[in-house]
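Okay, so here's the structure we're looking at.
2 protein chains.
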Amino acid sequence: MSDTDRSSLVAPAPAEAAAYVRDAHERRAFCTLLGRCHVAYDGRTTSHAGPADRLVALKPDLTLLVHAADGPKPQNWLAADALDVDVEDGSLLLTATRESPTEELRVTFESIEQAAAMAADETDATVEISGTEADLKERVLADPALVEPGFRALAAERDTPAGPVDVFGRDSSGRAVAVELKATRAGPDAASQLSRYVDALRRDLHADADVRGILVAPSCTPRTRRVLARDGHEFVSLEP
Amino acid sequence: MSDTDRSSLVAPAPAEAAAYVRDAHERRAFCTLLGRCHVAYDGRTTSHAGPADRLVALKPDLTLLVHAADGPKPQNWLAADALDVDVEDGSLLLTATRESPTEELRVTFESIEQAAAMAADETDATVEISGTEADLKERVLADPALVEPGFRALAAERDTPAGPVDVFGRDSSGRAVAVELKATRAGPDAASQLSRYVDALRRDLHADADVRGILVAPSCTPRTRRVLARDGHEFVSLEP
DNA sequence: CGTTAAATGTCGTCC
DNA sequence: GGACGACGTTTAACG
């Protein structure tokens, strides 16, 4: 890596910044720009944001992110498959594009305070996560009595015409049970999902088969309770 | 702003970087760090990611973002309400914390290639977006015949015990109609939502009132079609 | 502060 | 490549 590569730029001229970003792009490096810019997006929706100080980040995979001062979400972003770096009317202009869906993100800088870049290594640093719905499923399969005494888990991801049921089993009296799992507080969608699965199982297992539905989650909202009650299903509180 | 404030750092020592980040934090500036680090999160779940080259960004509102080389989403993030900047065992350590919910994000740098910062102005640069569900609603209210000839829109966001119906109206023969809008391709949840509203309206308007349900979206998935058919509802294709 | 529904959601997985 | 459901979803609107 040359000395130039290792340097960042302070208050660069647009042409200098353009060369820097192009170089970063070619090296598949991270690149950050801090400065005043305005932003236009056109694709799934259309948006425009006026001039303000922002953080613009270009990632090795051509993801372009535009962050304003507030909030964890970027104001605009694009997982692009092409990037143009130009100087227009004396301003640095980044144009990121993507096909399928057709999208375009344009960032125009009025001024640039800082530019930095770093070539990324090839290390695959996957994130290990625990405490998810998959963990809750493992818990239930390992100890089905957590759902209710006498419950036997017979299958995970059991297929139905309405989609896979998280856990399928039978209660102590032999009745079929569909279990829908949520790792976080459950909303009405979870209850609707459970109803679809139970209906499908009733048809699948044979006419008027007796199928119970149980929603398992740390908690659920009141409206979810009402949907469950309306459809004759139950709720069991369980942490992942 | 002093000369030091305007400078970025190239390959700084941990203590130097720590002072730089603390200063940025105090000035409520954007700050970016490019370097090799590992990351640990504990809160809603627990996660850990081993050493790799990453982009770490600190925003004026104390949002901490950790980006790996791929993908538009940060690998880890935290909308923090406190940040500690320390040097431990010769490494820069950022510890962002939040209460309610209790969360912690720790970033430990093995090496730092670049650090940059920029104080943010106070400009409130809101993003103007069009092509959303709100736009689709305006379209339907302005020209209800887009839903079907003779349709009259009587209310937007009409309240029901199951929540507000996007558009409520009557068809050419006077039958009540609930319209559920989606700006993008609709999935099964949209059909379930519609069913809940129609059921609530039937009870609300009087026993066995005749209420039609129409899902309006650019398109919908096959399973969504089946849910609509099962519940006797309809689909109308319309762009926002 | 809790609940609810939208989102340029994004991401993995399976077909 | 589409469909489907999870996600540390985040965010805005409303009571």
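Protein chains in written order, with my numbering: chain Y, 997 to 1236; chain C, 997 to 1236. The beta-carbon is built from N, C-alpha and C at its ideal position, and this holds for glycine as well. For clarity, every value in this text was computed on a predicted model and none was experimentally measured.
- Query: Hey, out of C:Leu1211, C:Ala1009, C:Ala1078, whose CA is closest to C:Val1163's CA?
  - Reply: Working through the second sequence from its first residue, we reach residue 1163 of chain C at position 167. Comparing Cα-Cα distances from C:Val1163 to each of C:Leu1211, C:Ala1009, C:Ala1078, the minimum goes to C:Leu1211.
- Cβ neighbours of Y:Tyr1037 in the same chain (closer than 6 Å, five flanking residues each side left out): What you label residue 1037 of chain Y is simply residue 41 of the first sequence in a count that begins at 1. So the list reads Ser1043, Asn1072, Leu1101, once near-sequence residues are dropped.
- Quick one: does C:Leu1234 have its CB under 8 Å from some CB of chain Y? To locate residue 1234 of chain C, count along the second sequence from 1; it is residue 238. Not one chain Y Cβ lies under 8 Å of C:Leu1234.
- For Y:Phe1105 and chain C, any beta-carbon pair shorter than 8 Å? The residue you call residue 1105 of chain Y lines up with position 109 of the first sequence. Not closer than 8 Å to any Cβ of chain C, the Cβ of Y:Phe1105 fails to qualify, so no.
- By Cβ distance, which residues of its chain are closer than 6 Å to Y:Asp1049, with the 5 residues on each side in sequence left out? Counted from its first residue, the first sequence places residue 1049 of chain Y at position 53. So the list reads Arg1032, once near-sequence residues are dropped.
- Task: Starting from Y:Tyr1016, follow its DSSP beta bridges and name the residues at the other end.
- Result: Indexing the first sequence from 1 puts residue 1016 of chain Y at position 20. Looking at the DSSP assignment, Y:Tyr1016 forms no beta bridge with any residue, so it has no partner.
- Query: Three-state secondary structure (DSSP) at C:Val1143?
  - Reply: Position 147 of the second sequence holds residue 1143 of chain C. Coil, per DSSP.
- Proximity below 8 Å, CB of C:Leu1079 to CB of C:His1021: Looking up residue 1079 of chain C in the second sequence gives position 83. Looking up residue 1021 of chain C in the second sequence gives position 25. In this structure, C:His1021 lies closer than 8 Å to C:Leu1079 by Cβ.
- is_contact[Y:Ala1130, chain C] using C-beta, thresh 8 Å: Reading the first sequence from its first residue, position 134 is the one you call residue 1130 of chain Y. Judged by the 8 Å Cβ criterion, Y:Ala1130 is not in contact with chain C.
- Would you verify that the beta carbon of Y:His1021 is, or is not, closer than 8 Å to some beta carbon of chain C? As a working mapping, residue 1021 of chain Y is identified with position 25 in the first sequence. No, no contact with chain C.
- Message: I'd like to know whether the C-beta of C:Thr1098 is nearer than 8 Å to at least one C-beta of chain Y.
- Response: The residue you call residue 1098 of chain C lines up with position 102 of the second sequence. No, because no Cβ of chain Y sits closer than 8 Å to the Cβ of C:Thr1098.
- Where does Y:Ser1126 fall in DSSP's three states? Stepping through the first sequence from its first residue, residue 1126 of chain Y is reached at position 130. Correct three-state label for Y:Ser1126: strand.
- Output, in chain order, the set of chain Y residues within a Cβ distance shorter than 7 Å of C:Val1081. Sequence index remark: in the second sequence, residue 1081 of chain C carries index 85 (1-based). Result: empty, since nearest Cβ-Cβ is about 19 Å, beyond 7 Å.
- With DSSP run on the structure shown, which of helix, strand or coil describes C:Ser1233? Position 237 of the second sequence holds residue 1233 of chain C. C:Ser1233: strand per DSSP, three-state reduction.
- Message: Just to check my reading of the structure: Y:Leu1029 and Y:Leu1132 have Cβ atoms closer than 8 Å, yes? What is that Cβ distance to the nearest angstrom?
- Response: Taking the first residue of the first sequence as 1, we reach residue 1029 of chain Y at position 33. Taking the first residue of the first sequence as 1, we reach residue 1132 of chain Y at position 136. At roughly 42 Å, the Cβ-Cβ gap does not stay under 8 Å, so Y:Leu1029 and Y:Leu1132 are not in contact.
- Query: Cβ of C:Ile1210 less than 8 Å from any chain Y Cβ?
  - Reply: Residue mapping note: residue 1210 of chain C aligns to position 214 of the second sequence, counting from 1. So no, C:Ile1210 is outside the interface.
- Euclidean distance between Cα positions of C:Thr1091 and C:Val1081: Translated into the one-based positions of the second sequence, residue 1091 of chain C becomes position 95. Translated into the one-based positions of the second sequence, residue 1081 of chain C becomes position 85. Roughly 7 Å between the two C-alpha positions.
- Task: Evaluate the contact criterion for the segment 1105-1112 of chain Y versus the segment 1109-1116 of chain C: three or more CB pairs, one atom per stretch, below 8 Å.
- Result: yes
- Task: Say whether chain C places a C-beta atom closer than 8 Å to the C-beta of Y:Ala1172.
- Result: Taking the first sequence and counting its residues from 1, the one referred to as residue 1172 of chain Y is at position 176. Not one chain C Cβ lies under 8 Å of Y:Ala1172.
- So what's C:Thr1217 in DSSP terms, helix, strand or just coil? Here residue 1217 of chain C refers to the residue found at position 221 when the second sequence is read from its first residue. Coil, per DSSP.
- Since C:Leu1051 is in the alpha helix (DSSP H), which residue starts that stretch and which ends it? Working through the second sequence from its first residue, we reach residue 1051 of chain C at position 55. Premise fails: C:Leu1051 lies in the beta strand (DSSP E), 1042-1054, not in any alpha helix (DSSP H).
- Item | Three-pair Cβ contact test at 8 Å for the segment 1135-1145 of chain Y versus the segment 1050-1058 of chain C | no
- Item | Interface partners of Y:Lys1055 on chain C, CB under 9 Å | Working through the first sequence from its first residue, we reach residue 1055 of chain Y at position 59. Under the 9 Å cutoff, chain C gives Leu1051, His1063, Ala1064, Ala1065, Asp1066, Gly1067, Pro1068.
- Name, please, each residue of chain Y whose Cβ falls closer than 7 Å to the Cβ of C:Ala1075. Numbered from 1 along the second sequence, position 79 holds the residue referred to as residue 1075 of chain C. Simply Pro1068.
- Message: Within a Cβ cutoff of 6 Å, which residues of the same chain sit near C:Ala1130, ignoring the five residues on either side of it in sequence?
- Response: Residue mapping note: residue 1130 of chain C aligns to position 134 of the second sequence, counting from 1. Counting only Cβ-Cβ distances below 6 Å, and skipping sequence neighbours, we find nothing.
- Query: Closer than 8 Å, CB to CB, is C:Leu1030 near chain Y or not?
  - Reply: Position 34 of the second sequence, counting from 1, holds the residue named residue 1030 of chain C. For C:Leu1030, the answer is yes, since a Cβ of chain Y falls inside 8 Å of its Cβ.
- Message: Using DSSP's beta-bridge definition, name the partner residues of Y:Leu1005.
- Response: For the purposes of this step, residue 1005 of chain Y is taken as the residue at position 9 of the first sequence. Paired residues: Y:Ala1111.
- Item | Per-residue burial, Y:Met997 [other beta carbons within 10 Å of its own, 16 or more giving buried] | Position 1 of the first sequence, counting from 1, holds the residue named residue 997 of chain Y. For Y:Met997, the pLDDT reaches just 46, beneath the cut-off of 50, and the residue's location in the model is therefore unreliable, leaving the point undetermined.
- Query: DSSP puts Y:Thr1093 in a beta bridge; with which residues?
  - Reply: Taking the first sequence and counting its residues from 1, one reaches residue 1093 of chain Y at position 97. Answer by DSSP bridge pairing, in chain order: Y:Ala1078, Y:Glu1100.
- Under a three-way DSSP split, which group does C:His1202 fall into? The sequence position of residue 1202 of chain C within the second sequence is 206, counting from 1. Three-state DSSP puts C:His1202 in coil, outside helix and strand.
- Query: Is Y:Glu1118 helix, strand or coil when you go by DSSP?
  - Reply: Your numbering for residue 1118 of chain Y matches position 122 in the first sequence. The answer is coil: DSSP assigns Y:Glu1118 none of H, G, I, E or B.
- Supposed close pair Y:Leu1197, Y:Ala1225 - CB separation, criterion 8 Å: Taking the first sequence and counting its residues from 1, one reaches residue 1197 of chain Y at position 201. Taking the first sequence and counting its residues from 1, one reaches residue 1225 of chain Y at position 229. Contact doesn't hold; Cβ gap of about 20 Å is too wide.
- Item | C-alpha gap between Y:Ser1126 and Y:Ala1179, whole angstroms | Here residue 1126 of chain Y refers to the residue found at position 130 when the first sequence is read from its first residue. Here residue 1179 of chain Y refers to the residue found at position 183 when the first sequence is read from its first residue. One C-alpha to the other measures close to 11 Å.
- Message: Which runs of the alpha helix (DSSP H) at least 4 residues long sit entirely within the segment 1167-1202 of chain C? Give them in chain order.
- Response: 1184-1201
- Message: Could you tell me the alpha carbon to alpha carbon distance between Y:Ala1065 and Y:Val1103, rounded to whole angstroms?
- Response: The residue given as residue 1065 of chain Y occupies position 69 in the first sequence. The residue given as residue 1103 of chain Y occupies position 107 in the first sequence. If I take the Cα positions, the gap works out to 16 Å.
- Query: Excluding the five sequence neighbours on either side, which residues of its own chain have a C-beta within less than 7 Å of the C-beta of Y:Leu1142, listed in chain order?
  - Reply: Locating residue 1142 of chain Y in the first sequence gives position 146, counting from the first residue. Around Y:Leu1142: Arg1135, Val1136, Leu1234.
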